[in-house]
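Visitor: For the record, the sequence lines run as chains A, B, C and D.
Note that the numbering used here has the first sequence beginning at 33, numbered continuously upward.
Note that the numbering used here has the second sequence beginning at 33, numbered continuously upward.
Note that the numbering used here has the third sequence beginning at 33, numbered continuously upward.
Note that the numbering used here has the fourth sequence beginning at 33, numbered continuously upward.
Even glycine gets a Cβ: it sits at the ideal position worked out from N, Cα and C.
All values derive from a computational prediction rather than experimental measurement.
4 protein chains.
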Amino acid sequence: MSDEITPELAALVLDAQPFSKLLGARITEFEHGRAVLEIEAREDLLQQNGYLHGGVLSYAADNSLTFAGGSILGANVLTGGFAIEYLRPAIGRVLSARAHVVESTRRRALCRCELVMVDDDGEKVVAAAQGTITLLG
Amino acid sequence: MSDEITPELAALVLDAQPFSKLLGARITEFEHGRAVLEIEAREDLLQQNGYLHGGVLSYAADNSLTFAGGSILGANVLTGGFAIEYLRPAIGRVLSARAHVVESTRRRALCRCELVMVDDDGEKVVAAAQGTITLLG
Amino acid sequence: MSDEITPELAALVLDAQPFSKLLGARITEFEHGRAVLEIEAREDLLQQNGYLHGGVLSYAADNSLTFAGGSILGANVLTGGFAIEYLRPAIGRVLSARAHVVESTRRRALCRCELVMVDDDGEKVVAAAQGTITLLG
Amino acid sequence: MSDEITPELAALVLDAQPFSKLLGARITEFEHGRAVLEIEAREDLLQQNGYLHGGVLSYAADNSLTFAGGSILGANVLTGGFAIEYLRPAIGRVLSARAHVVESTRRRALCRCELVMVDDDGEKVVAAAQGTITLLG
Chain A
33 MSDEITPELA
43 ALVLDAQPFS
53 KLLGARITEF
63 EHGRAVLEIE
73 AREDLLQQNG
83 YLHGGVLSYA
93 ADNSLTFAGG
103 SILGANVLTG
113 GFAIEYLRPA
123 IGRVLSARAH
133 VVESTRRRAL
143 CRCELVMVDD
153 DGEKVVAAAQ
163 GTITLLG
Chain B
33 MSDEITPELA
43 ALVLDAQPFS
53 KLLGARITEF
63 EHGRAVLEIE
73 AREDLLQQNG
83 YLHGGVLSYA
93 ADNSLTFAGG
103 SILGANVLTG
113 GFAIEYLRPA
123 IGRVLSARAH
133 VVESTRRRAL
143 CRCELVMVDD
153 DGEKVVAAAQ
163 GTITLLG
Chain C
33 MSDEITPELA
43 ALVLDAQPFS
53 KLLGARITEF
63 EHGRAVLEIE
73 AREDLLQQNG
83 YLHGGVLSYA
93 ADNSLTFAGG
103 SILGANVLTG
113 GFAIEYLRPA
123 IGRVLSARAH
133 VVESTRRRAL
143 CRCELVMVDD
153 DGEKVVAAAQ
163 GTITLLG
Chain D
33 MSDEITPELA
43 ALVLDAQPFS
53 KLLGARITEF
63 EHGRAVLEIE
73 AREDLLQQNG
83 YLHGGVLSYA
93 ADNSLTFAGG
103 SILGANVLTG
113 GFAIEYLRPA
123 IGRVLSARAH
133 VVESTRRRAL
143 CRCELVMVDD
153 DGEKVVAAAQ
163 GTITLLG
């Protein structure tokens, strides 16, 4: 399809989101049916106990699901909604939100992501999300 | 209960969250079974089309649900997860996340919030969320 | 609108669902933006501990949300999905799934329901759900 | 662990659920971290258009997630809740609900399932779900 998003276009779209810039998000992988978004666990993204704030995780879920869906449906998509489940405190150096398309039709993509905290000595899934991305218009 | 959270304590907890300060969130109402969290729709919280970013909405859902649950269960709570549905683009001057407890047991509170964009000429529900808050320990 | 569903039509639609007949579901209230679906807690709808099975609750959530959305959008709708949170064991004589539309646009309705167990001495919310209903075509 | 569930015990638990017997559900695979539950698309499980009713899918999601979580946490678990997304009409001969544990802690298991309709000429994912299973007591 002519409107398939390239990794370069995906990076431009993310860069055009002021909120994603504020959080320092970057797309580290982008291919058909898959997108990975990463965020450094900066001091100003934490909650009161020193963990990455749940709202940063939910932002990363929302955005990585949308980019994964967009990798198949094109840029003109919206996120209908998603559900996120938190399993562990988000401790580590970098949050990696790894999203993929489970299944899609011509107008909708059912997507999931794992929210993984990466540290120098390994990584752990701390949360996971699922949502549907819809083609607009 | 001696560990019931006062509005003053709730404000202190929010203030101790660096990410909430980064977003300029404030608690504007807090009582038994109910919490309202507000955020100005600043330029740096938008997405590429000029709407408030979905990640800001999901942050506000997460945090307002947690404070509503905490208003009944006390400060020692965690958010198990939540589901958010987006209905409209988030356009307006202020986001008001209005959370309440639907029902609770001794250890869990089932909470909901409406995400409302307030503008000079009125307000609109743009999204809604539901989740469960659990007492720790 | 000419395609607004009457309570009589809603009852006919439910009656045309073999699975709803198998469960003995009936619509007890139906108006613009609201639908109530009830099910007797028959022996064959229970799980191994004698509570109403979670699958009966999730059926009632799914269907009551759809009827509530249809009460505004018309009969030609589909349920995009929903999230359900269980709070208590479902004990009682009758399950009452009380759904309403939180907010709607021309093509989508954001709906919620409370799943209430009714007994001779009162009633209790045992679960709650939220989902989006979409106009087809 | 002494309380690890065997496939035989899982089948007994399912058999002790009257609602699962009513639907003709059976466990066709059960191992550590994974459970598959199947249901024949009988006439009395359909909705008004001849598709398998969404409530049958949500039952299968609920139960397969619970068995997957129980395969790791033991028999004494409850389902906190789940989110289900419907992608396609459920057409086919058999519903296969394939659940697995994404990640678990000592007390909680984050589980997902794909809801697959199997027909003589192939199979299709028609919906997917995600939820958290919690150890009781």
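For Ala-67/A, decide whether its Cβ has a neighbour in chain B, counting only Cβ atoms nearer than 9 Å.
Guide: No, Ala-67/A lies away from the interface with chain B (no Cβ there is under 9 Å from its Cβ).
Visitor: Counting only beta-carbon separations shorter than 9 Å, does Gly-56/C have a partner in chain A?
Guide: It does not: the Cβ of Gly-56/C has no partner Cβ on chain A nearer than 9 Å.
Visitor: Please check the pair Phe-51/D and Gly-87/C, which I expect to be a contact at CB under 8 Å, by giving their CB distance rounded to whole angstroms.
Guide: About 6 Å separates the two Cβ atoms, so the contact holds.
Visitor: Report the three-state DSSP secondary structure of Ala-92/A (helix, strand or coil).
Guide: The answer is helix: DSSP assigns Ala-92/A an H, G or I state.
Visitor: Go ahead and label His-132/B buried or exposed: buried means 16 or more other beta carbons lie within 10 angstroms of its beta carbon, across all protein chains shown.
Guide: His-132/B comes out buried.
Visitor: Quick one: grab the DSSP three-state call for Leu-119/A.
Guide: Here Leu-119/A sits in coil by DSSP.
Visitor: Whose CA, out of Leu-167/A, Ala-122/A, Asp-94/A and Gly-65/A, lies closest to the CA of Ala-159/A?
Guide: Comparing Cα positions, the closest option is Ala-122/A.
Visitor: In terms of alpha-carbon separation, which member of Lys-156/D, Glu-63/D and Thr-164/D lies closest to Glu-40/D?
Guide: The candidate whose alpha carbon is nearest that of Glu-40/D is Glu-63/D.
Visitor: Opposite Ala-141/B in the DSSP bridges: which residues?
Guide: DSSP output for Ala-141/B lists Ser-136/B and Ile-165/B as bridge partner(s).
Visitor: In whole angstroms, what is the alpha-carbon distance linking Ala-48/D and Gln-80/C?
Guide: Spanning the two alpha carbons is a distance of roughly 5 Å.
Visitor: Based on the DSSP secondary-structure assignment, which residues constitute the bridge partners of Lys-156/D?
Guide: Paired residue(s): Met-149/D.
Visitor: Here's the rule I'm using: 16 or more other beta-carbon atoms within 10 Å means buried, otherwise exposed. How should Arg-130/B be labelled?
Guide: Per the 10 Å Cβ criterion, buried.
Visitor: How many whole angstroms separate the CB atoms of Arg-125/C and Val-150/C, which I take to be in contact at a CB cut-off of 8 Å?
Guide: Yes, they are in contact, since the Cβ atoms of Arg-125/C and Val-150/C sit about 6 Å apart, within 8 Å.
Visitor: What's the call for Asn-108/B, buried or exposed, on a 16-neighbour Cβ count within 10 Å?
Guide: By the 10 Å Cβ count, Asn-108/B comes out exposed.
Visitor: Say whether chain B places a C-beta atom closer than 9 Å to the C-beta of Phe-51/A.
Guide: It does: the Cβ of Phe-51/A has a partner Cβ on chain B nearer than 9 Å.
Visitor: Short of 9 Å Cβ to Cβ, which residues in the stretch 88 to 109 of chain D face chain C?
Guide: Within the stretch 88 to 109 of chain D, the qualifying residues are Val-88, Leu-89, Ser-90, Tyr-91, Ala-92, Ala-93, Asp-94, Asn-95 and Thr-98.
Visitor: At a Cβ cut of 9 Å, what residues of the stretch 145 to 157 of chain C count as close to chain B, listed as they run along the chain?
Guide: Hits within the stretch, in order: Glu-146, Lys-156 and Val-157.
Visitor: Can you tell me whether Thr-38/C is buried or exposed? The criterion is at least 16 other CB atoms within 10 Å of its CB, across all chains shown.
Guide: Label assigned to Thr-38/C: exposed.
Visitor: Using the C-alpha atoms, what's the distance from Leu-77/C back to Val-55/C?
Guide: Checking the displayed sequence, the identity of residue 55/C turns out to be Leu instead of Val. Between Leu-55/C and Leu-77/C, the C-alpha separation is close to 8 Å.
Visitor: Does the separation of the CB atoms of Val-134/C and Glu-146/C fall below 9 Å?
Guide: For Val-134/C and Glu-146/C, no; Cβs fall outside 9 Å.
Visitor: Among residues of its own chain, excluding the 5 on either side of Arg-139/A, which ones have a beta-carbon nearer than 8 Å to its beta-carbon?
Guide: Hits under 8 Å: Leu-105, Thr-166 and Leu-167.
Visitor: Which residues, in chain order, does the stretch 115 to 127 of chain B contribute to contact with chain A at a C-beta distance below 8 Å?
Guide: Answer in chain order: Ala-115, Ile-116, Glu-117 and Tyr-118.
Visitor: Taking only three categories from DSSP, how would you classify Thr-111/C?
Guide: Residue state, collapsed to three classes: strand.
Visitor: For the beta strand (DSSP E) that contains Glu-63/D, what are its first and last residues?
Guide: Taken as a continuous stretch (DSSP letters only), the beta strand (DSSP E) holding Glu-63/D covers 58 to 63.
Visitor: List the endpoints of the continuous alpha helix (DSSP H) containing Ala-43/B.
Guide: It spans 39 to 47 - the alpha helix (DSSP H) in which Ala-43/B sits, taken as one unbroken run.
Visitor: Determine which residues share a DSSP beta bridge with Ala-131/B and list them.
Guide: Answer by DSSP bridge pairing, in chain order: Ala-67/B and Cys-145/B.
Visitor: Roughly how many angstroms separate the alpha carbons of Ala-73/B and Tyr-118/B, rounded to a whole number?
Guide: One C-alpha to the other measures close to 17 Å.
Visitor: Does DSSP put Glu-75/B in a helix, a strand or coil?
Guide: If DSSP states are grouped into helix, strand and coil, Glu-75/B belongs with the helices.
Visitor: Here's a check: name, in chain order, each residue in its chain whose Cβ is nearer than 6 Å to the Cβ of Met-33/D, leaving out the five neighbours to either side.
Guide: Summary for Met-33/D: the model assigns pLDDT 45, below 50, so the residue's position carries little reliability; its value from the coordinates is reported in the next sentence. Contacts found: none.
Visitor: Do you know offhand how far Gln-162/B's Cα is from Gly-102/B's?
Guide: Approximately 15 Å between the Cα atoms of the pair.
Visitor: Just to check my reading of the structure: Ala-100/D and Arg-66/D have Cβ atoms closer than 8 Å, yes? What is that Cβ distance to the nearest angstrom?
Guide: Ala-100/D to Arg-66/D, Cβ: 6 Å. Contact.
Visitor: Quick check on the burial criterion: 16 or more other C-beta atoms within 10 angstroms. Buried or exposed for Arg-153/B?
Guide: Checking the sequence shown, residue 153/B turns out to be Asp, not Arg. Exposed is the call here.
Visitor: Could you check if Glu-117/A belongs to the surroundings of the ligand MG, using beta carbon to heavy atom distance under 8 Å?
Guide: No copy of the ligand MG occurs in the structure displayed, which carries no ligand at all.
Visitor: What first and last residue would you give for the alpha helix (DSSP H) that runs through Leu-84/B?
Guide: It is not in any alpha helix (DSSP H) - Leu-84/B carries neither H nor E in the DSSP assignment.
Visitor: Specify the secondary structure class of Met-33/C as computed by DSSP and reduced to three states.
Guide: Per-residue confidence for Met-33/C stands at a pLDDT of 45, beneath the threshold of 50, marking its modelled position as unreliable; no derived number is given.
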